[in-house]
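K.L.:
Mind having a look at this structure? Questions to follow.
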Amino acid sequence: MAIVFACAASHAPGMTAWTEAAPKEQSEKFLGSYRELGQRLAAAQPDAIVALTVEHWANFFLNSMPTFCIGRADHYDGPIEEWLRIPKARVPGDAELSAQLIDACLDSGFDPLFSDELLFDHATYLPLHFLNPNMALPVVPVIINTLTPPMPTAKRCFAFGEFLGQQLQRSDKRVALIATGGLSHWPGEAQHGRINVPFDKKFLDNLVTGDHRQLTAYSHDEINREAGSGGHEIRTWIALAGAVQHWKAQVIAYEPVVPWATGCGLVAFNP
Amino acid sequence: MSLYQLQKLIYHVNRDAEQREHYRQNAVAFSRKYDLTEQESAAILNVDVRALYTMGVHSLLLRPFTLLNKVSNEDYAKALKGLV
């Protein structure tokens, strides 16, 4: 068994919390594509979802901020945001798969934090709402620090993804691998609402052409300047590109949704 | 400057219901539990968005904190006008 599905998706809270603020055509097109991606995931019949994800001060603070963290819980509660308009629920975990990944990491020069209790904020919960209806499939969260510097380099994220991908390809489970975050957005910043469409399109193009050299060359400063503090989340997409680097990326949707203040992308990776 | 303490206070208010209640009941007493400068205390107690942002409070700590203090999107944007 192996990775049977892979996709990357944005998680702007406005997608559910203030859906109707966006032009109807734009929101219907994007969220319709999100649901279709969920159907594709289900059709691949995975046993579990591994989510390359981020968090927004849900579990960690500056007293202890992991660069990489793998959840090892039997379940995860969420979403923490009361206003997200997604019902709270308990998401099953796959502690066995988590433990396998953690062991493999420590045997191979990656030393992630592990955690037996994590809450999901919209970063993980919103994509799961579309990709894992009724939270039927167990989830293994792999959190990358894209919240506050210093963050792992694009190169390191790609390598970490590459390593996880190799492990999952050898797994006895059928795994759906998802990445969540981005694209350009400046949440709560002075430039809140800005979307850098040329940056987003260039990044998507890097994925589609499989330009791993460029994907691993993005610097912290460039991302910060061109894609905003929220844009750092593209590190999860870069990790995914590392995990399925021989697969072909296909842009399912890209919408710069101003009321959601985010360049919203959906990319499927096909073997 | 004690940005760490400032952000810690905001993190506690944002993420811990019990601490948020203490903050709501008596913000002055609550803020004294943190090692803040006079300016930092004033910025917290006045919910001075521009001052807190300029001091370096992370935007994803600041925005939820200001939402809890009923700062509208318009007022938030206005407070940050002209900053980069």
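Protein chains in written order, with the numbering used here: chain A, 42 to 312; chain B, 396 to 479.
Glycine included, C-beta positions come from ideal geometry on N, C-alpha and C.
(1) Verify the CB distance criterion: does Leu224 of chain A have a CB-CB separation below 8 Å to chain B?
(2) Return the bridge partner residues of Leu147 of chain A from the DSSP annotation.
(3) Residue range of the beta strand (DSSP E) that Arg131 of chain A falls in?
(4) Of the residues that make up the stretch 230-258 of chain A, which ones have a beta carbon closer than 9 Å to any beta carbon in chain B?
(5) Under the three-state reduction of DSSP, which class applies to Pro191 of chain A: helix, strand or coil?
(6) Tell me the residue span of the beta strand (DSSP E) that contains Ala164 of chain A.
(7) Please state whether DSSP places Gln291 of chain A in a helix, a strand or coil.
(8) Is the beta carbon of Val181 of chain A less than 8 Å from the beta carbon of Leu138 of chain A?
(9) So Ser270 of chain A is in the alpha helix (DSSP H); what residue range does that whole segment cover?
(10) Helix, strand or coil: how does DSSP classify Ser105 of chain A here?
(11) Rounded to the nearest angstrom, what separates Trp59 of chain A and Gln141 of chain A at their Cα positions?
(12) Going by DSSP, which residues form a beta bridge with Glu296 of chain A?
(13) Can you look up Ser156 of chain A in the DSSP assignment and give me helix, strand or coil?
(14) On a CA-only basis, which of A:Pro190, A:Ile143, A:Phe155 is nearest Phe204 of chain A? Give me that one, please.
(15) Assign Pro297 of chain A to buried or exposed, taking buried as 16 or more other Cβ atoms, counted over all protein chains shown, within 10 Å of its Cβ.
(16) Using a Cβ-Cβ cut-off of less than 7 Å, give me the residues of the stretch 77-106 of chain A that come near chain B, in sequence order.
(17) Taking CB distances under 8 Å as the criterion, tell me whether Asn464 of chain B reaches chain A.
(18) Does the beta carbon of Ser74 of chain A come closer than 8 Å to any beta carbon on chain B?
(19) Who are the near neighbours of Asn464 of chain B in its chain, counting only those whose CB is closer than 8 Å to its CB and skipping five residues on each side?
(20) Any beta carbon from chain B within less than 8 Å of Thr57 of chain A's own beta carbon?
(21) So that I know if they touch, is there some Cβ in chain A lying closer than 8 Å to that of Arg427 of chain B?
(22) My guess is that Tyr295 of chain A and Leu256 of chain A are in contact by the Cβ rule of under 8 Å, so how many angstroms apart are they, rounded?
(23) Got a sec? Which residues, its chain only, sit under 7 Å from His407 of chain B by beta carbon, not counting five neighbours each side?
(24) For Val95 of chain A, count neighbouring C-beta atoms within 10 Å of its own C-beta (all shown protein chains included) and say buried if the count is 16 or more, exposed if not.
(25) Give the straight-line distance between the Cα atoms of His273 of chain A and Gly134 of chain A, rounded to the nearest whole angstrom.
(26) Give a yes or no on whether 8 Å exceeds the smallest Cβ distance from Ala412 of chain B to chain A.
(27) Quick check: what's the CA-CA separation for Ser426 of chain B versus Ala472 of chain B?
(28) Inspect the CB distances between the stretch 213-223 of chain A and the stretch 112-130 of chain A and report whether three or more fall short of 8 Å.
(29) Pair every Cβ in the stretch 71-88 of chain A with every Cβ in the stretch 165-172 of chain A, then say whether three or more of these pairs are closer than 8 Å.
(30) List the endpoints of the continuous alpha helix (DSSP H) containing Gly119 of chain A.
P.N.:
Here's the rundown:
(1) For the purposes of this step, residue 224 of chain A is identified with residue 183 of the first sequence, where counting begins at 1. It does not; no Cβ of chain B falls within 8 Å.
(2) As a first step, residue 147 of chain A must be located in the first sequence, where it is residue number 106. Bridge partners of Leu147 of chain A: none, in fact.
(3) Reading the first sequence from its first residue, position 90 is the one you call residue 131 of chain A. That run of the beta strand (DSSP E) goes 130-133.
(4) Glu230, Ala231, Gln232, His233, Gly234
(5) Taking the first residue of the first sequence as 1, we reach residue 191 of chain A at position 150. Coil at Pro191 of chain A, not helix or strand.
(6) As a first step, residue 164 of chain A must be located in the first sequence, where it is residue number 123. Unbroken run through Ala164 of chain A is the alpha helix (DSSP H), 163-172; no beta strand (DSSP E).
(7) Position 250 of the first sequence, counted from the first residue, corresponds to residue 291 of chain A. It is a strand residue.
(8) The residue given as residue 181 of chain A occupies position 140 in the first sequence. The residue given as residue 138 of chain A occupies position 97 in the first sequence. Closer than 8 Å, so yes.
(9) As a working mapping, residue 270 of chain A is identified with position 229 in the first sequence. Taken as a continuous stretch (DSSP letters only), the alpha helix (DSSP H) holding Ser270 of chain A covers 261-272.
(10) Indexing the first sequence from 1 puts residue 105 of chain A at position 64. If DSSP states are grouped into helix, strand and coil, Ser105 of chain A belongs with the strands.
(11) For the purposes of this step, residue 59 of chain A is taken as residue 18 along the first sequence, with counting starting at 1. For the purposes of this step, residue 141 of chain A is taken as residue 100 along the first sequence, with counting starting at 1. Going by the C-alpha atoms only, they are around 39 Å apart.
(12) Reading the first sequence from its first residue, position 255 is the one you call residue 296 of chain A. DSSP lists A:Cys305 as partners of Glu296 of chain A.
(13) Within the first sequence, the letter at position 115 stands for residue 156 of chain A. Looking at Ser156 of chain A - three-state DSSP - the assignment turns out to be strand.
(14) The residue labelled residue 204 of chain A in the question sits at position 163 within the first sequence. Per the C-alpha coordinates, the member of A:Pro190, A:Ile143, A:Phe155 positioned closest to Phe204 of chain A is A:Ile143.
(15) Taking the first sequence and counting its residues from 1, the one referred to as residue 297 of chain A is at position 256. Around the CB of Pro297 of chain A, 16 or more other CB atoms lie within 10 Å, so the residue is classed as buried.
(16) Hits within the stretch, in order: His97, Trp98, Phe102, Leu103.
(17) Taking the first residue of the second sequence as 1, we reach residue 464 of chain B at position 69. False, the Cβ-Cβ gap to chain A never drops below 8 Å.
(18) Taking the first sequence and counting its residues from 1, one reaches residue 74 of chain A at position 33. It does not; no Cβ of chain B falls within 8 Å.
(19) Here residue 464 of chain B refers to the residue found at position 69 when the second sequence is read from its first residue. Here the set comprises Val442.
(20) On the first sequence, residue 57 of chain A is found 16 positions in, with the first residue counted as 1. Closer than 8 Å: no.
(21) Within the second sequence, numbered from 1, the residue matching residue 427 of chain B stands at position 32. Judged by the 8 Å Cβ criterion, Arg427 of chain B is not in contact with chain A.
(22) Within the first sequence, numbered from 1, the residue matching residue 295 of chain A stands at position 254. Within the first sequence, numbered from 1, the residue matching residue 256 of chain A stands at position 215. The Cβ separation is near 17 Å, so there is no contact.
(23) For the purposes of this step, residue 407 of chain B is identified with residue 12 of the second sequence, where counting begins at 1. Within the same chain, His407 of chain B has close Cβ partners Gln414.
(24) Residue mapping note: residue 95 of chain A aligns to position 54 of the first sequence, counting from 1. Buried, since its Cβ has 16 or more Cβ neighbours within 10 Å.
(25) Along the first sequence, read from residue 1 onward, the residue named residue 273 of chain A stands at position 232. Along the first sequence, read from residue 1 onward, the residue named residue 134 of chain A stands at position 93. When rounded, the distance between both Cα atoms is 26 Å.
(26) One-based indexing of the second sequence puts residue 412 of chain B at position 17. Between Ala412 of chain B and chain A, the shortest Cβ-Cβ separation is not below 8 Å.
(27) Locating residue 426 of chain B in the second sequence gives position 31, counting from the first residue. Locating residue 472 of chain B in the second sequence gives position 77, counting from the first residue. Each residue's alpha carbon lies about 25 Å from the other.
(28) no
(29) Using a Cβ-Cβ distance cut-off of 8 Å, the stretch 71-88 of chain A and the stretch 165-172 of chain A are in contact, since at least three pairs of beta carbons, one from each stretch, lie closer than that value.
(30) Taking the first residue of the first sequence as 1, we reach residue 119 of chain A at position 78. Here Gly119 of chain A belongs to no alpha helix (DSSP H); instead the beta strand (DSSP E) covers 116-119.
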